[in-house]
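Participant:
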Amino acid sequence: DQQVKQNSPSLSVQEGRISILNCDYTNSMFDYFLWYKKYPAEGPTFLISISSIKDKNEDGRFTVFLNKSAKHLSLHIVPSQPGDSAVYFCAATGTALIFGKGTTLSVSS
Amino acid sequence: KAGVTQTPRYLIKTRGQQVTLSCSPISGHRSVSWYQQTPGQGLQFLFEYFSETQRNKGNFPGRFSGRQFSNSRSEMNVSTLELGDSALYLCASSLADRGQNIQYFGAGTRLSVL
């Protein structure tokens, strides 16, 4: 029973365009959400987070939106760059940090 | 500040053997969590240690165990290895007790069971 779902295994975007990665969750008790980026042969790297009391958090090219009523969050990357090509994991904090299965983003130049 | 260090980076074992993986957290971090990553399964939570006590445990069999030392370093042990245990094992450390749980990951230990 997956509590955090990333329904798109992959996403392809052209350089300079917007990348939108989506994440759904089922547990309304989650109070903190995080996005991680992972390159091959490396551990995940923290990207950006959002508290459940907010609906938006921005850090440079990265913005995370939270829609609590829909139990949905999204990560926007604008503009996308080839170096953004990686696997992106959505995670939520309950008693432990619960991860989605990841979305592989490919940004072509 | 040094990041999370995991050793060894790669391991090859055979079925039935046991293995111990090591994790040194970021200095000052008292929480250490372990995850298993397999293709298509994302990161699955194994357990979390805080101040030498197991605080949380995922849905893995008892063959998977861990411990944390007084200096916050942690070890994970897998006994009676099975082929399905082949995976990337990731360790993460965090500063916060609860709530804003930003975890910082090591590069992982790639375990291959033959």
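For the record, the sequence lines run as chains C and Y.
Under my numbering, the residues of the first sequence are numbered 1 to 109, in order.
Under my numbering, the residues of the second sequence are numbered 110 to 223, in order.
For every residue, glycine included, the Cβ atom is placed at its ideal position computed from N, Cα and C.
#1: Short check: CB of Y:V187 to CB of Y:V141, under 8 Å?
#2: For Y:E191, which residues in chain C fall below 7 Å Cβ to Cβ?
#3: Going along chain C in order, which residues have a C-beta closer than 9 Å to the C-beta of Y:A216?
#4: Can you list, in chain order, the residues of its chain with a C-beta nearer than 6 Å to that of C:S12? Leave out the 5 residues immediately preceding and following it.
#5: Can you find the residues in the same chain that come closer than 6 Å, C-beta to C-beta, to Y:N210, ignoring five residues on each side of it along the sequence?
#6: So which residues on chain Y does C:Y88 lean against when the C-beta distance must stay under 9 Å?
#7: Do C:I18 and C:I77 count as a contact pair if the criterion is CB distance below 8 Å?
#8: Per DSSP, which residues does Y:A196 bridge with? Please list them.
#9: Mind checking which residues open and close the beta strand (DSSP E) that includes C:H72?
#10: Could you tell me the distance, in whole angstroms, from the CA atom of C:D59 to the CA atom of C:Q6?
#11: Output, in sequence order along the chain, the residues in the segment 158 to 179 of chain Y whose CB is closer than 9 Å to any CB in chain C.
#12: Is the Cβ of Y:S142 closer than 8 Å to any Cβ of chain C?
#13: Would you please state the rounded distance, in angstroms, between the beta carbons of C:F89 and C:K38? I believe it to be under 8 Å.
#14: Three or more C-beta pairs closer than 8 Å, one from the segment 211 to 219 of chain Y and one from the segment 129 to 149 of chain Y: is that the case here?
#15: Thinking Y:C200 and Y:S183 are a contact (beta carbons under 8 Å), I'd like their distance in whole angstroms, please.
#16: Closest Cβ-Cβ distance between Y:Y119 and chain C: below 8 Å?
#17: Name the one or two DSSP bridge partners that Y:M185 has.
Facilitator: Based on what the coordinates show:
#1: Between Y:V187 and Y:V141, the CB-CB gap reaches or exceeds 8 Å.
#2: Ordered by position in chain C, no residue passes the 7 Å Cβ test against Y:E191, which lies about 22 Å from the chain.
#3: Against chain C, a Cβ distance below 9 Å from Y:A216 picks out A41, E42 and G43.
#4: Counting only Cβ-Cβ distances below 6 Å, and skipping sequence neighbours, we find S106.
#5: Counting only Cβ-Cβ distances below 6 Å, and skipping sequence neighbours, we find S203.
#6: Near C:Y88 there are no residues of chain Y at all, since even the closest Cβ is about 11 Å away, more than 9 Å.
#7: Yes; because the gap between Cβ atoms is below 8 Å, this pair is in contact.
#8: BP columns for Y:A196 point to Y:L220.
#9: Note, C:H72: beta strand (DSSP E), H72 to I77.
#10: Cα-Cα distance, rounded: 22 Å.
#11: Residues of the segment 158 to 179 of chain Y with a C-beta less than 9 Å from any C-beta of chain C: R164, N165, K166 and G167, listed in chain order.
#12: Taking Cβ atoms only, chain C reaches closer than 8 Å to Y:S142, which makes this a yes.
#13: Taking C-beta atoms under 8 Å as the contact rule, C:F89 and C:K38 qualify, at a distance of about 6 Å.
#14: Yes, the segment 211 to 219 of chain Y touches the segment 129 to 149 of chain Y.
#15: Confirmed, about 7 Å.
#16: Taking Cβ atoms only, chain C never reaches closer than 8 Å to Y:Y119, which makes this a no.
#17: Beta bridge pairing from DSSP links Y:M185 with Y:L130 and Y:G175.
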